[in-house]
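**Q** Here it is, the structure in full.
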Ligand SMILES: [Zn+2]
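In structure tokens:
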């Protein structure tokens, strides 16, 4: 039994199936070959630095937001750029930070050695 779990922040706009395919190809001939690959998507969350309000958006809304502003390629390479386009839904401040939903994180690799 071999398992790999990867957490993908939705802000990176990584296509989970493309990632899975790339891992399957890249693992050929390695101890990870044939592992079951679990990809967990993490929705983005934001926090307003002025009033402390926190909120999140679902992946579909995020993709629409990025497409409407021509940001898809930018966010893929630099997810932090989204804060330039956000404002707090409660107080309107543009001083917003990302609290979740960035990056691609390898959570664990489990390999049964048969011992
Ligand atoms: Zn605010």
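Residue numbers (the working numbering): 919 to 1033. Just so you know, even glycine gets a beta-carbon here, dropped at the ideal spot from N, CA and C.
#1: Taking any heavy atom of ligand 1 as the mark, which residues have a C-beta closer than 6 Å to it, listed down the chain?
#2: Could you have a look at residue 965 and say whether DSSP puts it in helix, strand or coil?
#3: Please confirm whether residue 965 and residue 1017 have their CB atoms less than 8 Å apart.
#4: Whose C-beta lies closer than 6 Å to the C-beta of residue 1035 among residues of the same chain, with five residues either side of it excluded?
#5: Indicate whether residue 929 and residue 1007 have their beta-carbon atoms separated by less than 8 Å.
#6: Should residue 1030 be listed as close to ligand 3, given that the test is whether its C-beta is under 7 Å from any heavy atom?
#7: From 943, 971 and 951, pick the residue whose C-alpha is nearest to that of residue 1013; which is it?
**A** The answer reads as follows:
#1: 966, 968, 969, 971, 1006, 1008, 1009 and 1011
#2: Residue state, collapsed to three classes: strand.
#3: yes
#4: The first residue shown for the chain is 919 and the last is 1033, placing residue 1035 beyond what the model contains.
#5: It is not a contact, given that the beta carbons lie outside the stated cut-off.
#6: In the structure on display, ligand 3 does not appear, and the ligands it does have are ligand 1.
#7: 971
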